[in-house]
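The next block holds one structure in the form of structure tokens; read it before the comments.
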Amino acid sequence: MDVGGTTTAAGLVMPQGEMLAHSQAPTHAEGAGTALRTLFDLADGLVATAKAQGITLLGLGVGVPGVVDAERGVVGEDIKNVPELARCPLAEQLASRYGLRAWVDNDVNLLALGQWRFGVGRGARSLVLLALGTGVGGGIILDGHLVRGAGGYGGELGCLPINFDTPRASAFGRGWLDSYVSGREIAETARQRLPDLGADVTAATVFQAARDGHAGARALVEEVCQALGAGLAIIVNALNPEVVLVTGGVAESLIPMESAVLRWVSEYAFRRALVTTRITFLSLDKRATVLGGAALYLYETGGKA
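Okay, structure coming up:
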């Protein structure tokens with residue numbers, strides 16, 4: 003299952019990655035503060051489907067935004083899109099309701115696990131997934147282990163400092179990768195620099211304007227490419243993973259400019275490390291995180307079905 007600020011999705015997934023059923027609904031379908039009810043409604047429906055088809059359920063894996071205490075299955079305090087889940091012992095509640103083992107983790111960690119287990123990173127010992135959407139998130143798998151960090155902050159790749167000599171800051175920190183490549187900050191920079199694009203400008207608007215030949219938008223997109231190249235180079239230099247995946251709404255807009263990003267990566271990366279790392283841009287939907295929920299279950303149980 004995947005709880006998002008806008009949409010919550012759930013699925014029945016076989017241990018080999020085949021998705022037998024999928025459903026989704028607006029997270030707050032019944033009003034503010036109803037995310038947990040939506041999650042239970044979706045899960046109830048799939049449990050009923052499994053029972054009707056004679057399918058034995060093994061466990062539950064759930065992704066949520068923000069930092070998670072994965073060991074206890076408790077959602078963190080800073081979950082702005084779904085604030086009613088802050089400090090919620092979600093794994094315990096799910097296990098009690100359905101009589102199944104349940105795990106909860108950051109949604110981008112689930113994306114990384116899903117691609118490592120079932121997707122384009124299958125077979126790799128190390129993989130990093132960088133998610134570029136409204137904000138920037140990351141998931142890191144090294145030598146077959148998901149990196150969560152001492153306090154659950156492992157993989158916060160949007161916080162990579164790529165420019166220490168700048169006043170430019172996001173809502174969270176100064177000079178961070180997020181300040182340059184998140185959809186939120188691309189739009190904010192455009193509002194400041196390119197007023198002719200309108201006050202309601204979005205990252206998608208900026209990319210479209212660049213494609214249409216708007217000089218200012220093209221310059222901003224080139225800056226995004228350079229910043230992303232620097233961030234990817236840090237990942238290559240520090241971790242030298244076999245696979246780096248770049249996904250999310252901003253990444254999809256950058257797919258036609260992938261070669262420009264990779265040129266900047268080559269400017270900043272240690273070349274001997276870079277030649278052993280494969281960087282791929284890809285488009286993923288909500289089903290990818292749902293698959294990641296199944297991958298989380300398999301990861302936590304040692305791959306045993």
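In this text, residue positions in the sequence shown follow the numbering used here: the first is 3, and each later residue adds one. Here a beta-carbon is modelled for each residue, glycine too, at the ideal position from N, C-alpha and C.
For the stretch 72-103, list the alpha helix (DSSP H) runs that are entirely contained and at least 4 residues long, ordered along the chain.
92-100
Determine the extent of the beta strand (DSSP E) in which Phe120 is found, giving its start and end residues.
No beta strand (DSSP E) holds Phe120; DSSP gives it neither H nor E.
For Glu312, count neighbouring Cβ atoms within 10 angstroms of its own Cβ and tell me buried if that reaches 16, exposed if not.
Residue 312 cannot be examined here, being either before or after the span of the chain that is shown, 3 to 307.
Measure how close the beta-carbons of Trp118 and Ile143 come, nearest whole angstrom, since I'm counting them as under 8 Å.
Yes, they are in contact, since the Cβ atoms of Trp118 and Ile143 sit about 5 Å apart, within 8 Å.
Ordered list of beta strand (DSSP E) runs contained in the stretch 249-300, each at least 3 residues
280-283
6 Å Cβ shell around Ala262 - same chain, five flanking residues per side excluded:
Counting only Cβ-Cβ distances below 6 Å, and skipping sequence neighbours, we find Cys227.
Arg248 to Leu22, Cα distance in whole Å?
For the record, residue 248 in the displayed sequence is Val; it is not Arg. Those two C-alpha atoms are separated by around 27 Å.
With a Cβ-Cβ cutoff of 7 Å, do Val5 and Val69 count as a contact?
no
Taking the straight line between their C-alpha atoms, what separation do you get for Gly137 and Thr58?
37 Å
How is the beta strand (DSSP E) around Gln26 delimited, first residue to last?
Segment 21-28, the beta strand (DSSP E) holding Gln26.
Could you tell me how far apart the beta carbons of Leu234 and Val267 are, in whole angstroms, since I believe they sit closer than 8 Å?
5 Å
Grouping DSSP H, G and I as helix and E and B as strand, with all else coil, what is Asn108?
Shown here, Asn108 sits in a strand according to DSSP, grouped into three states.
Beta-carbon proximity list for Val203, same chain, < 8 Å, skipping 5 on both sides:
Ala189, Ala192, Arg193, Leu196
Kindly indicate which residue of Phe166, Ile281, Gly305 has the alpha-carbon position closest to the one of Gly123.
Closest option to Gly123, Cα to Cα, is Ile281.
Helix, strand or coil, according to DSSP, for Ile236 in the structure here?
helix
According to DSSP, is Arg176 part of a helix, a strand, or is it coil?
Correct three-state label for Arg176: strand.
For a test of the three-state rule: what should DSSP assign to Val70, helix, strand or coil?
strand
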